[in-house]
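In this note's numbering, the protein residues as written are 214 to 380.
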């Protein structure tokens, strides 16, 4: 199980996040995630998604359900496509999108992004770094991510930020 501790500038509480992947076949798994808000002691959200990976296309597609703290059930469709820009795959261009639909199929929220990702192995001894710069298409917001081994910092131009530590 993958677990992390998360904190964001728009939150007043530390959140504990957990994710587990259950293999279905070599390219498909069931992904279950949840997040606990430590201020309220209740889940922020729970979701389950079947994700299928297309290794020849360097892409993935997922469908699932999400239940959030506002007691709303939503359907989720998620897709991602990667274009390696170098032969070692450390510099990549990614296109990703997600659509959340309420259970009555009345409200839809779409998100999509285009981003460049650069992985730097052994930046210092036993320290790998990943830098990501992207643009959220629907909200029209540029963003940046820096990841160092277990730490991740996310920033956008609207001043939103969050930090994550993978346990």
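All residues carry an ideal CB built from backbone N, CA and C; glycine is no exception.
For the segment 296 to 358, the continuous beta strand (DSSP E) assignments of 3+ residues that do not extend past its boundaries occur at 304 to 315, 321 to 337 and 340 to 349, in sequence order.
Residues of the same chain with a CB within less than 6 Å of the CB of residue 369, apart from the 5 flanking positions on each side, are 354 and 356 in chain order. Membership of residue 226 in any beta strand (DSSP E) is not indicated, and neither H nor E is assigned to it by DSSP. In this structure residue 225 is exposed. Its beta-carbon is surrounded by fewer than 16 other beta-carbon atoms within 10 angstroms.
The beta carbon of residue 236 sits closer than 6 Å to those of 242, all from its chain and outside the five residues before and after it, given in chain order. In the DSSP assignment, residue 365 forms a beta bridge with 360 and 377.
In the three-state DSSP reduction, residue 239 falls in the coil class, being neither helix nor strand. Across the set 344, 337 and 271, the C-alpha of 271 shows the shortest separation from the C-alpha of residue 309.
Just measuring C-alpha positions, the residue of 349, 338, 311 and 340 sitting nearest residue 327 is 349. Under the three-state reduction of DSSP, residue 258 is assigned to strand. Between the alpha carbons of residue 261 and residue 301 lies a distance of about 32 Å.
Ranked by how close their Cα comes to the Cα of residue 319, the residues 285, 361 and 334 have 285 in first place. With contacts defined by Cβ atoms closer than 8 Å, residue 268 and residue 240 form a contacting pair. Within the DSSP secondary-structure output, residue 246 pairs in a beta bridge with 232 and 260.
For residue 276, the beta-bridge partners assigned by DSSP are 263 and 290.
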